[in-house]
Amino acid sequence: GLQAIAELIQVDQNSHGNTGDAACVTLRRYAGMALTNLTFGDGTNKALLCSMKGFMRALVSQLHSPSEDLRQVTASVLRNLSWRADSSSRETLREVGAVALLMRASMEANKEATLKSILSALWNLSAHCTANKVDICNVEGALAFLVSTLTYRSQSKTLAIVENGGGILRNVSSYIALQEEHRQTLRNYNCLQVLLQQLKSPSLTVVS
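In our numbering, the protein residues as written are 1238 to 1445.
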């Protein structure tokens, strides 16, 4: 069943590309929702999907979709796949370029739910390896955008965006510390002052 759903997404993506056709988008959204449920906390299913390279390439290409709802579901699948991923799955996620595509997609997101899913996936991926941290920092405008998430005003009154953005910055800081250009970017956007304000947050995740 899992493979059939993955192959359905792959075939439809390969046949129709990033179309705005309602039938294609709906088909892939529901298939993505099913995969999100099937990969939640299931290491075997996650490893199986990541071993399907053709599917993985089709999946990440959906981050270019004109449908933001499809981009959100795609990010949710990638969030699950990247959480506590084994070494082979981590390598596949790097091979298909998930990090840079997600970073760019986050900067184009209009809906809070989309941004939350994308940043959550990036938080996981930023902890995998130094190369992923480099990919995040090398996306033009990424660091400035991540700093802006620290003061995100949520319509849902939650701190999820702030927590996710802060988690990514915490993970990439070990790389930023070695790069004067990136350190200057953080200074330009008053990152230190913003972080000091976060110490007053009621969320222990934000404070950490």
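We treat Cβ as the ideally placed atom computed from N, Cα and C, and that holds for glycine.
With 16 other Cβ atoms within 10 Å as the buried cut-off, status of residue i
| i | result |
| --- | --- |
| D1323 | exposed |
| R1308 | buried |
| G1291 | exposed |
| V1399 | buried |
| K1348 | exposed |
| A1335 | buried |
| Q1416 | exposed |
| N1251 | exposed |
| P1259 | Reading off the sequence shown, one finds Ala at residue 1259, where the question assumed Pro. It is exposed - the Cβ of A1259 has fewer than 16 other Cβ atoms within 10 Å. |
| V1444 | exposed |
| G1378 | exposed |
| G1238 | exposed |
| K1394 | exposed |
Residue i versus residue j - alpha carbon distance
| i | j | result |
| --- | --- | --- |
| V1310 | S1440 | 26 Å |
| R1390 | S1357 | 17 Å |
| A1414 | D1372 | 15 Å |
| T1281 | T1422 | 41 Å |
| V1376 | M1289 | 27 Å |
| G1403 | L1318 | 21 Å |
| D1249 | S1363 | 30 Å |
| V1262 | T1276 | 21 Å |
| R1420 | V1431 | 15 Å |
| L1433 | I1246 | 44 Å |
| L1285 | K1437 | 43 Å |
| A1350 | E1328 | 27 Å |
| C1366 | V1314 | 20 Å |
| R1331 | I1355 | 16 Å |
| M1293 | I1242 | 12 Å |
| Q1435 | G1278 | 30 Å |
| R1265 | E1418 | 40 Å |
- [ ] Please determine if the stretch 1421-1434 and the stretch 1375-1394 are in contact, where contact requires at least 3 C-beta pairs separated by less than 8 Å.
- [x] Cβ pair count under 8 Å is three or more, so yes.
Task: Given 8 Å, three or more beta-carbon pairs between the stretch 1254-1266 and the stretch 1283-1302 - done: These segments touch.
Task: Runs of beta strand (DSSP E) wholly within the stretch 1307-1343 (minimum 3 residues, chain order) - done: Within the stretch 1307-1343, no run of beta strand (DSSP E) reaches 3 residues while sitting entirely inside it.
Task: contact_flag[the stretch 1342-1354, the stretch 1286-1299] where n(CB pairs < 8 Å) is 3 or more - done: Counting Cβ pairs under 8 Å, fewer than three are found: no touch.
Task: Every unbroken beta strand (DSSP E) inside the stretch 1341-1393 [3 residues or more] - done: The qualifying runs do not exist here; there are none.
Open item on the list: Quick check for students: name the residue ranges of the alpha helix (DSSP H) that lie wholly in the stretch 1403-1439, counting only runs of 4 or more.
Closed with: You should have 1417-1425 and 1428-1435.
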